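Numbering (this note's numbering), first residue to last: 162 to 613. Single-structure report; data block below.
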Amino acid sequence: MSAHRPRLIPRDRRGPLNVLFMNSSMPVGGAEMLQVQLIRGMDRQHFQPHVVCLKEKGPIGEMLADECPVESDLIHHKYDALVVRRLRRLMRQWSIDAVITVGAGDKMFWGRIAARSLRVPVILSAIHSTGWPDAIGRLNRLLTSATDAFIGVAEAHRTYLVRGEGFPDEKVVLIPNGVDTERFQFRQAAREQLRAEWRIEADAPCFGLVAALRPEKNHESLLRVAQRVRQAIPTSRLVIIGTGPQEATLRAFVDQHHFENMVVFAGARSDIPECLSALDAFVLTSKMEASPVSILEALSVERPVVATAVGSIPESVIEGHTGYLASVDDDETLAHRVIELLSQVELRQRLGRQGRAHVKQHGSLSTMVDGYCNLIAGIYDAKCAGIPFSPKRLVAAPGDAAREPASELVEEVRPEPLHGTDSPRLADSAAPDRQALPGLSIESPPQTGSLV
Numbered sequence: 162m163s164a165h166r167p168r169l170i171p172r173d174r175r176g177p178l179n180v181l182f183m184n185s186s187m188p189v190g191g192a193e194m195l196q197v198q199l200i201r202g203m204d205r206q207h208f209q210p211h212v213v214c215l216k217e218k219g220p221i222g223e224m225l226a227d228e229c230p231v232e233s234d235l236i237h238h239k240y241d242a243l244v245v246r247r248l249r250r251l252m253r254q255w256s257i258d259a260v261i262t263v264g265a266g267d268k269m270f271w272g273r274i275a276a277r278s279l280r281v282p283v284i285l286s287a288i289h290s291t292g293w294p295d296a297i298g299r300l301n302r303l304l305t306s307a308t309d310a311f312i313g314v315a316e317a318h319r320t321y322l323v324r325g326e327g328f329p330d331e332k333v334v335l336i337p338n339g340v341d342t343e344r345f346q347f348r349q350a351a352r353e354q355l356r357a358e359w360r361i362e363a364d365a366p367c368f369g370l371v372a373a374l375r376p377e378k379n380h381e382s383l384l385r386v387a388q389r390v391r392q393a394i395p396t397s398r399l400v401i402i403g404t405g406p407q408e409a410t411l412r413a414f415v416d417q418h419h420f421e422n423m424v425v426f427a428g429a430r431s432d433i434p435e436c437l438s439a440l441d442a443f444v445l446t447s448k449m450e451a452s453p454v455s456i457l458e459a460l461s462v463e464r465p466v467v468a469t470a471v472g473s474i475p476e477s478v479i480e481g482h483t484g485y486l487a488s489v490d491d492d493e494t495l496a497h498r499v500i501e502l503l504s505q506v507e508l509r510q511r512l513g514r515q516g517r518a519h520v521k522q523h524g525s526l527s528t529m530v531d532g533y534c535n536l537i538a539g540i541y542d543a544k545c546a547g548i549p550f551s552p553k554r555l556v557a558a559p560g561d562a563a564r565e566p567a568s569e570l571v572e573e574v575r576p577e578p579l580h581g582t583d584s585p586r587l588a589d590s591a592a593p594d595r596q597a598l599p600g601l602s603i604e605s606p607p608q609t610g611s612l613v
């Protein structure tokens, strides 16, 4: 017997689509702030966001609770299968039409299990890593056929998801990370204020970064680079913005090597555009990245970037145009480029201007929001009409494509307009399907390590 399929109400006969973002927790970080910007950018006339944190809310989750429904503390231990029941209850209560799991691991697994069991019309997985530390395990691969689309954040990242993780090419879409360039722009007054707060001289060459203090960010390399920079430019300063489990270790390194007068540990900050304005250059020495939002934010504030050439970073840090690249742990090259930028005002100003222009052209917030909205509404419309669809073609539509019916986005269908009418709803989501998940298959060879 085929699985029960709930009746879908076309969007012109209903209210907003209810969209659920599934997280483990929401600490202060680039991916979390990106989710905030996406949620804030969604037109409430057409989309109503909801947020779940399987564990604690975290600072960003607490902040979002003032703007949309947020539920947390749903999973009690690693193998707590009862979390599915709790998620199903929430999805029915909120009449969820689309589930977006953010990242890999438990939220990707349990979120899709619950959504599939309720026949939620749209199931998406937004992935922000390239395997470590947020690896996609064997059990998560089993749910590939239950997922409408996987979202990569840069072209190289999309390629990795297809070739490295084995997800079907036709299901992997590209929605580049975006930055609010109006918010992220250089502010001279903020530069002066923060330098005074951090006791940095107005004319002191200053570089730094915004990143959680975690092993993959490789702050140890940054500190070794700082030692080399100090030898060449004794008045230079380093600002480390962020918190995390490695803070004590990093502080101990600074004390042990006696350059505490150079380094500022600024902690977690909410005024990131202002903090970036206080720097002369942005430096990221990560061992692994997908497409770090912090780099896009720095470029938007006209700060040239020196970074390791990992993940999709070379797509935004263009050698000699928006910044410079080096290999992981190549402290000598990294330091050389930082010294070059700190020593040449005209060079860093030119690269800074070019960096902001690049972000405005290729990494705007509106393009990212349109990509998600087009994908969600397009898949929902196609399922309402009972016709096939191409996730990649839905996302690739121009930003305003969904304002009018667009027959080329799905096969032989003219989907309901995204912005011109009201949105559709799952008519009988309170009557869940209790049948086992159909059609599970392993789309790529299982890997060792994490199961989910």
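C-beta: ideal position from N, C-alpha, C; glycine also. For clarity, every value in this text was computed on a predicted model and none was experimentally measured.
Q.
With H, G and I counted as helix, E and B as strand and the rest as coil, what does DSSP make of GLY191?
A. The answer is helix: DSSP assigns GLY191 an H, G or I state.
Q. Exposed or buried, which one is VAL571 when buried takes at least 16 other CB atoms within 10 Å?
A. Reliability of the predicted coordinates at VAL571 is poor, the pLDDT of 43 falling under 50, and no value is obtained from them.
Q. Are at least three pairs of beta-carbons, each pair with one atom in the segment 522-540 and one in the segment 340-359, less than 8 Å apart?
A. Using a Cβ-Cβ distance cut-off of 8 Å, the segment 522-540 and the segment 340-359 are in contact, since at least three pairs of beta carbons, one from each stretch, lie closer than that value.
Q. What are the residues that DSSP puts in a beta bridge with CYS436?
A. None, per the DSSP bridge assignment.
Q. So who's on the other strand from CYS367, going by DSSP bridges?
A. The partner list for CYS367 (beta bridge, DSSP) reads ARG398.
Q | Stretch-stretch touch, CB-based, cutoff 8 Å, three pairs: the segment 485-499 with the segment 452-462 | A | No, the segment 485-499 does not touch the segment 452-462.
**Q.** Contact set for ALA487: own chain, Cβ-Cβ below 8 Å, skip 5 residues either direction
**A.** These residues qualify, in order along the chain: VAL467, ALA468, THR469, ALA470, THR494, LEU495, ARG498.
(Q) Just to confirm, is the Cβ distance from ASN535 to LEU555 under 7 Å? (A) Closer than 7 Å, so yes.
Q: Tell me whether HIS207 sits in a helix, a strand or coil according to DSSP, three-state version.
A: DSSP places HIS207 outside both helix and strand once states are collapsed to three, so it counts as coil.
Q) According to DSSP, what are the bridge partners of GLU232? A) The bridge partners DSSP lists for GLU232 are VAL213.
Q) Can we say the segment 351-370 touches the segment 409-422, given the rule of at least three CB pairs closer than 8 Å? A) Too few Cβ pairs lie closer than 8 Å, so no.
Q: Report yes or no: do three or more beta-carbon pairs, one from the segment 221-228 and one from the segment 248-259, lie closer than 8 Å?
A: No: the two stretches stay apart, fewer than three of their Cβ pairs being nearer than 8 Å.
Q.
Which residues does DSSP list as the beta-bridge partners of PHE347?
A. As far as DSSP is concerned, PHE347 takes part in no beta bridge.
Q.
Pairs of beta-carbons, one from the segment 426-439 and one from the segment 345-355, closer than 8 Å: are there three or more?
A. Yes, the segment 426-439 is in contact with the segment 345-355.
Q: Inspect the beta-carbon positions of VAL400 and VAL425 and report whether they are closer than 7 Å.
A: Yes, they are a contact pair.
(Q) Nearest by alpha-carbon distance to VAL231: which of PHE182, GLY202, THR483 is it? (A) It is PHE182 whose Cα lies nearest to the Cα of VAL231.
Q: Report, in whole angstroms, the separation of the C-beta atoms of ALA429 and VAL189, which I expect to be a contact under 8 Å.
A: So it is a contact: roughly 5 Å between Cβ atoms.
**Q.** Assigned secondary structure, ALA487 (DSSP; H/G/I helix, E/B strand, else coil)
**A.** Reduced to three states, the DSSP call for ALA487 is strand.
Q | Where the beta strand (DSSP E) through THR342 begins and ends | A | In the DSSP annotation of this structure, THR342 is not part of any beta strand (DSSP E), being labelled neither H nor E.
Q. Helix, strand or coil: how does DSSP classify GLY428 here?
A. GLY428 falls in the strand class under three-state DSSP.
Q: Give me whichever residues DSSP pairs with PHE311 in a beta bridge.
A: Paired residue(s): SER286, VAL333.
Q: Can you give me the start and stop residues for the beta strand (DSSP E) that MET183 sits inside?
A: Note, MET183: beta strand (DSSP E), 178-184.
Q: Taking the CB atoms as reference points, tell me whether LEU308 and ILE284 lie closer together than 7 Å.
A: It is worth fixing the name first, because residue 308 is Thr in this sequence and not Leu. Taking C-beta atoms as the reference points, THR308 and ILE284 count as a pair closer than 7 Å.
Q: Measure the C-alpha to C-alpha separation of LEU445 and GLN254 and round it to an integer number of angstroms.
A: So the alpha carbons of these two residues sit roughly 43 Å apart.
Q: Report the rounded CA-to-CA distance for LYS544 versus ASP227, giving the unit in angstroms.
A: Cα to Cα, the separation comes out at about 33 Å.
Q. Would the beta-carbon of ALA451 fall within 7 Å of that of GLY472?
A. Taking a C-beta distance under 7 Å as the contact criterion, ALA451 and GLY472 qualify as a contact pair.
Q. In whole angstroms, what is the alpha-carbon distance linking ALA546 and GLN505?
A. So the alpha carbons of these two residues sit roughly 60 Å apart.
Q) Between which two residues does the beta strand (DSSP E) containing PHE328 stretch? A) Note, PHE328: premise wrong, no beta strand (DSSP E); not H, not E.
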